[in-house]
Amino acid sequence: MIGRRLTPSINAAIHFRRAILEHMDNFKDASVAQQRLSDIQSGRSNAITLEELEQLHGVERSDC
């Protein structure tokens, strides 16, 4: 295996960038969820149960 040891500053920058990207993904997910909740509460959208979704798509759940 050919490898090269990264300097501590580069290694830290990689971890820092990864943490920022993960935080941004989480923020986007939370923002979408908040908008979806707002739409449901205002009546612009509705929610269905998992059972209704399974029936709608003809899926049968098998309990393991």
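The opening residue of the sequence shown carries number 78 in the working numbering; numbering runs sequentially from there. Backbone N, C-alpha and C fix where the C-beta goes; we use that ideal spot for every residue, glycine too. Nothing here was measured: the structure is a model prediction, and the numbers come from that model.
#1: Where does residue 122 sit, in a helix, a strand or coil, going by DSSP?
#2: Pick helix, strand or coil for residue 137, following the three-state DSSP scheme.
#3: Are the Cβ atoms of residue 138 and residue 129 separated by less than 8 Å?
#4: Specify the secondary structure class of residue 82 as computed by DSSP and reduced to three states.
#5: Please tell me whether residue 107 and residue 117 are closer than 8 Å, where the distance is taken between their beta carbons.
Result, derived from the coordinates:
#1: coil
#2: coil
#3: no
#4: coil
#5: no
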